[in-house]
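What follows is a set of notes on a single structure, which appears directly below.
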Amino acid sequence: MVRLAGTKEIQKAYEAILAGDFEQAIAWFGLAIDREPDNASFHYKLSITYARSNKLREAIKHADMAVQLEPEDAYYRIHLNILQAKELVQKAEKQLQQSNDRLPDCIVWLKTAITLDPLLLEAYLLLGITYERLGEYDPAILAISEVLRLDPQHTTGNRLLARYENKRQQGNKNNHFTV
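For the sequence shown, the UniProt record's numbering gives the first residue as 1, with consecutive numbering after it.
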């Protein structure tokens, strides 16, 4: 019977996952990769486990390796895109918490995140918030409307949409003069 290198380690990694021990699973996936470093599937599986453990940098590293090893695999590419989108959202969120100095950068990051993962609600939500901070209510409303298109019951989205529409209306009233 022919066994592929790393098969035993992958089995042990899955056992660790079923036991809820992601750190042990990461170690086993790492051993499998040591035995078969050019196995894209092993890198992909390790990436998923890192992502579940909130270790985004490492997850991206191994997702990227899987894509490099098998560039034609759509699942690997989609997984990498989703992780990169999350990273950009985290970057924008951190910046938004610190200051409003780089709002245009946040818009670029969030639009890129949306391109990478068009279903990432948080990217649309933060994009709307960023536009609102710039006083640009039309694009803010469009971004929040996309949140609600994807999730009509999104509580924060519904609240922000009402607030931004009200602010836009108030701005329009202030811009109309009667003679």
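Note that CB positions come from ideal geometry on N, CA and C, so glycine has one too. Being a predicted model, the structure only gives us computed values, none of them experimental.
Find out if the Cβ-Cβ distance for the pair residue i, residue j is shorter than 8 Å.
i	j	result
leucine 69	histidine 43	yes
leucine 121	leucine 110	no
histidine 62	leucine 46	yes
alanine 40	alanine 66	yes
leucine 161	isoleucine 144	yes
alanine 51	phenylalanine 29	no
Determine the direct distance from the alpha carbon of residue j to that of residue i, and round the result to whole angstroms.
i	j	result
threonine 130	alanine 59	27 Å
proline 104	alanine 16	44 Å
leucine 31	aspartate 73	23 Å
lysine 8	lysine 91	38 Å
Does residue i come out as helix, strand or coil in the three-state DSSP assignment?
i	result
asparagine 81	helix
glycine 6	coil
aspartate 101	coil
glutamate 87	helix
aspartate 64	helix
glutamate 70	coil
Exercise. At which residue ranges does the UniProt repeat "TPR" (121-154) contain complete alpha helix (DSSP H) runs of 4 or more residues, listed in the order of the chain?
Worked result: 121-133, 137-150
For this session: Run through the stretch 19-58 for me and flag every whole alpha helix (DSSP H) of 4 or more residues, listed as ranges in chain order.
Result: 22-35, 40-52
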